[in-house]
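Just so you know, we're using numbering that gives the first Met the number 0 here: the sequence shown kicks off at 0 and counts up by one. What follows is a set of notes on a single structure, which appears directly below.
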Amino acid sequence: MKSHRQYLWFNTPNRRDYINITPAVEQELQNSGITEGLCLVNAMHITASVYINDEESGLLQDYDEWLEKLAPHEPISRYRHNRTGEDNGDAHHKRQIMGREVVVAVTDGQLDLGPWEQIFYGEFDGRRRKRVMVKIIGE
Ligand code: ZN
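The following block contains the structure:
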């Protein structure tokens with residue numbers, strides 16, 4: 000069995016951002032030389048997500064508004080977590096809803112995604128360097 004691991008680094012200009020990382024994951028699959036197996040993609044931080052859904056700007060805005068309704072950033076005092084001196088209580092909740100990781104089958108050297116499926120990095124406490132792990136195993 001072969002295995003390939005790589006980090007994708009991000010430093011988003013905004014507190015919250017949604018980035019389509021499918022091309023970067025496909026590049027890692029190519030680099031791996033693996034044609035049959037599994038590809039794990041996970042956020043290495045507890046205030047960011049990796050998820051799969053549609054690349055459609057309306058939907059990305061809808062997600063952002065929905066998440067902000069569920070777990071508003073302000074007032075910062077609404078989260079006990081922020082008593083530690085942090086201000087990212089909302090980001091922990093947003094990450095929990097949007098998830099930590101995705102696993103995609105690798106078939107014939109391609110990510111075996113559904114017709115509209117794309118892999119996204121969801122950032123909820125950005126403006127600093129954070130990373131995503133891509134780990135591919137197979138043959
Ligand atoms: Zn925190």
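Backbone N, C-alpha and C define an ideal beta-carbon position, used for all residues, glycine too.
Whole-angstrom C-beta distance between Gly125 and Asn13, which should lie under 8 Å
Position 14 of the sequence shown, counted from the start, is the residue given in the question as residue 13. Position 126 of the sequence shown, counted from the start, is the residue given in the question as residue 125. Their Cβ separation, rounded to whole angstroms, is 6 Å, which keeps Asn13 and Gly125 in contact under 8 Å.
CA-CA distance, Ile75 and Lys93?
One-based indexing of the sequence shown puts residue 75 at position 76. One-based indexing of the sequence shown puts residue 93 at position 94. C-alpha separation (whole angstroms): 14 Å.
Extent of the continuous alpha helix (DSSP H) to which Arg130 belongs:
Here residue 130 refers to the residue found at position 131 when the sequence shown is read from its first residue. Boundaries for Arg130: no alpha helix (DSSP H) harbours it, while the beta strand (DSSP E) harbouring it runs Lys129 to Gly137, taken from the DSSP string.
Runs of 3 residues minimum, wholly inside the region 53 to 106: which ones carry the beta strand (DSSP E) assignment?
Listed in chain order, the complete beta strand (DSSP E) runs (minimum 3 residues) inside the region 53 to 106 are 100 to 106.
Is it buried or exposed, Glu27, if we count other Cβ atoms within 10 angstroms and call 16 or more buried?
Walking along the sequence shown from the start, residue 27 turns up at place 28. Label assigned to Glu27: buried.
To the nearest angstrom, how far is it from the Cα of Val105 to the Cα of Leu66?
Mapped onto the sequence shown, residue 105 falls at position 106. Mapped onto the sequence shown, residue 66 falls at position 67. Straight through space, the alpha carbons of Leu66 and Val105 are spaced by roughly 31 Å.
Kindly confirm or deny that the region 40 to 60 and the region 85 to 101 touch, where touching means at least three C-beta pairs closer than 8 Å.
Three or more beta-carbon pairs separated by less than 8 Å link the region 40 to 60 to the region 85 to 101, which places the two stretches in contact.
Between the beta-carbon of Leu7 and the beta-carbon of Val101, is there less than 8 Å?
On the sequence shown, residue 7 is found 8 positions in, with the first residue counted as 1. On the sequence shown, residue 101 is found 102 positions in, with the first residue counted as 1. If you check the CB distance, Leu7 and Val101 do not come in under 8 Å.
Minimum C-alpha distance to Phe123 - residue among Leu112, His72 and Thr83
For this step, residue 123 is matched to residue 124 along the sequence shown. Proximity to Phe123 across Leu112, His72 and Thr83 peaks at His72, based on C-alpha coordinates.
Can you list every residue whose CB sits closer than 6 Å to some heavy atom of the ligand ZN, going in chain order?
For the ligand ZN, the selected residues are His80, Glu85, Asn87 and His91.
Taking only three categories from DSSP, how would you classify Leu161?
A query on residue 161 cannot be resolved here, the shown segment of the chain reaching from 0 to 138 and no further.
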